[in-house]
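Novice: Sharing a structure, written as structure tokens. Questions coming.
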Amino acid sequence: MTTLAPRPTASTRTRRDRWIPTSLIALTAVPILAGAARLVDLSGGRTAENARFFDLPVPIIVHIIAATTYCVLGAFQLQPSLWRRRPAWHRWSGRVLVPAGLAAALSGMWMAVFSDLPAHDNAALVWLRLLFGSIMVAGLVLGLLAVLRRDIRTHQRWMARAYAVAQGAGTQALVLGPVAIFLGEQPSGALKAAGMGFAWILNLAVAELLVRRSASRGLQVAKLAKSDEKVAPRLL
Numbered sequence: 456m457t458t459l460a461p462r463p464t465a466s467t468r469t470r471r472d473r474w475i476p477t478s479l480i481a482l483t484a485v486p487i488l489a490g491a492a493r494l495v496d497l498s499g500g501r502t503a504e505n506a507r508f509f510d511l512p513v514p515i516i517v518h519i520i521a522a523t524t525y526c527v528l529g530a531f532q533l534q535p536s537l538w539r540r541r542p543a544w545h546r547w548s549g550r551v552l553v554p555a556g557l558a559a560a561l562s563g564m565w566m567a568v569f570s571d572l573p574a575h576d577n578a579a580l581v582w583l584r585l586l587f588g589s590i591m592v593a594g595l596v597l598g599l600l601a602v603l604r605r606d607i608r609t610h611q612r613w614m615a616r617a618y619a620v621a622q623g624a625g626t627q628a629l630v631l632g633p634v635a636i637f638l639g640e641q642p643s644g645a646l647k648a649a650g651m652g653f654a655w656i657l658n659l660a661v662a663e664l665l666v667r668r669s670a671s672r673g674l675q676v677a678k679l680a681k682s683d684e685k686v687a688p689r690l691l
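In this note's numbering, the protein residues as written are 456 to 691.
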């Protein structure tokens with residue numbers, strides 16, 4: 456009879472599950488604080504720093520609130536024990552997350568096209584924002600369509616990819632922060648675009664690795680279960 460490898464204990468699974476949302480919320484802490492500072496800055500009146508947002512503040516306000524909601528609430532969607540124990544909560548939060556994610560992505564793309572280009576940015580970064588914003592929108596839409604037709608595995612894959620793009624700002628802070636410290640100034644131009652692009656690609660690569668690993672484990676368990684079903688009658 457085929458035997459399965461020992462399963463993780465309940466305490467091990469609990470620690471692992473808690474680590475997922477905790478680490479993801481920690482990753483998004485810097486963008487959340489930066490967004491909060493931007494909102495406070497806008498409320499204080501027009502300055503040289505916020506001039507490009509001050510005349511039309513709605514997109515940046517929508518982007519900050521929607522992205523914060525999506526990244527924080529989405530971190531708990533990736534906690535397996537939570538959505539297995541409380542599927543109703545998972546569905547309810549999903550109804551909040553999809554609109555929030557779309558609002559975050561579309562408002563970010565709108566600002567990339569219509570807002571004045573910051574001094575440290577270049578055209579390449581504009582195109583990168585449009586590219587990865589489109590990937591996030593596509594992931595959310597395809598994930599939603601998948602769950603509507605009860606294709607849960609495909610739903611999980613696309614939602615993981617969309618969330619990876621949304622968490623790009625956190626990874627970008629980790630990538631570009633040390634560069635800024637080394638240079639003594641904020642990275643700009645091609646260097647900033649390369650750093651931000653690398654962070655998005657890294658997030659998507661990690662998400663893809665986890666998605667494929669999860670799918671591989673699922674197939675392995677299914678094959679072992681079928682093998683045991685075939686062997687068991689012969690042993691009776």
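We put the beta carbon where it would ideally sit given N, CA and C, even for glycine.
What does a CB cutoff of less than 8 Å around Lys685 pick up in its chain, not counting 5 residues either side in sequence?
Specialist: Model confidence at Lys685 stands at a pLDDT of 49, short of 50, so the residue's coordinates are unreliable; what they give is reported in the following sentence. For Lys685, where only same-chain residues beyond five positions count, there are no Cβ hits under 8 Å.
Novice: Less than 7 Å between the beta carbons of Gln641 and His545, yes or no?
Specialist: no
Novice: For Leu494, collect the residues of the same chain with a Cβ closer than 8 Å to its Cβ; drop the 5 residues on either side in sequence, then sort them by chain order.
Specialist: Ile516 and Ile519
Novice: Buried or exposed: where does Leu631 fall if 16 or more other Cβ atoms within 10 Å of its Cβ makes it buried?
Specialist: buried
Novice: Buried or exposed for Pro486, going by 16 or more other Cβ atoms inside 10 Å?
Specialist: buried
Novice: Out of curiosity, what's the CA-to-CA distance linking Leu537 and Phe531?
Specialist: 7 Å
Novice: Residue range of the alpha helix (DSSP H) that Ala543 falls in?
Specialist: Pro542 to Phe569
Novice: What's the gap between the Cα of Ser562 and the Cα of Ser570?
Specialist: Cα to Cα, Ser562 sits roughly 11 Å from Ser570.
Novice: Does the region 610 to 620 come within contact of the region 592 to 600, defined as at least 3 CB pairs closer than 8 Å?
Specialist: yes
Novice: Would you mind listing the beta strand (DSSP E) stretches within the region 587 to 630 that are 3+ residues and don't spill past its ends, in chain order?
Specialist: For the region 587 to 630, not a single whole beta strand (DSSP E) run of length 3 or above is found.
Novice: Would you identify the three-state DSSP class for Asn505, choosing helix, strand or coil?
Specialist: Reduced to three states, the DSSP call for Asn505 is coil.
Novice: Quick one: using the 10 Å Cβ neighbour count with 16 as the cut-off for buried, is Phe637 buried or exposed?
Specialist: exposed
Novice: Could you compute how far the alpha carbon of Arg540 sits from the alpha carbon of Gln534?
Specialist: 10 Å
Novice: Hey, quick one: how far does the alpha helix (DSSP H) through Gln532 stretch, first residue to last?
Specialist: Val513 to Gln532 is the span of the alpha helix (DSSP H), which, as asked, contains Gln532.
Novice: Can you give me the Cβ contacts of Leu583 inside the same chain, cut-off strictly under 8 Å, excluding the 5 residues immediately before and after it?
Specialist: Ala648, Met651, Gly652 and Trp655
Novice: Using DSSP with H/G/I as helix, E/B as strand and the rest coil, what is Gln675?
Specialist: Residue placement at Gln675 is poorly supported in this model, since its pLDDT is 45, which falls under 50; the coordinates still yield a value, given next. Looking at Gln675 - three-state DSSP - the assignment turns out to be helix.
Novice: Can you give me the Cβ contacts of Ala503 inside the same chain, cut-off strictly under 6 Å, excluding the 5 residues immediately before and after it?
Specialist: none
Novice: Starting from the C-beta of Phe587, find all residues in its chain whose C-beta is less than 7 Å away, skip the five residues before and the five after it, and write them out in chain order.
Specialist: Val620, Gly623 and Trp655
Novice: Nearest to Leu482 by alpha carbon, out of Ser643, Ala628, Leu657 and Asp606?
Specialist: Ala628
Novice: By how many angstroms is the C-alpha of Asp510 removed from the C-alpha of Arg473?
Specialist: 42 Å
Novice: Using a Cβ-Cβ cutoff of less than 6 Å, which residues in the same chain neighbour Phe508 once the five nearest sequence positions on both sides are dropped?
Specialist: Ile515
Novice: For Met566, which of Ala635, Val513 and Leu600 has the nearest alpha-carbon?
Specialist: Val513
Novice: Is it the case that the Cβ atoms of Tyr525 and Gly490 are separated by a distance below 7 Å?
Specialist: no
Novice: Is the distance from the Cβ of Met591 to the Cβ of Ala558 below 7 Å?
Specialist: no
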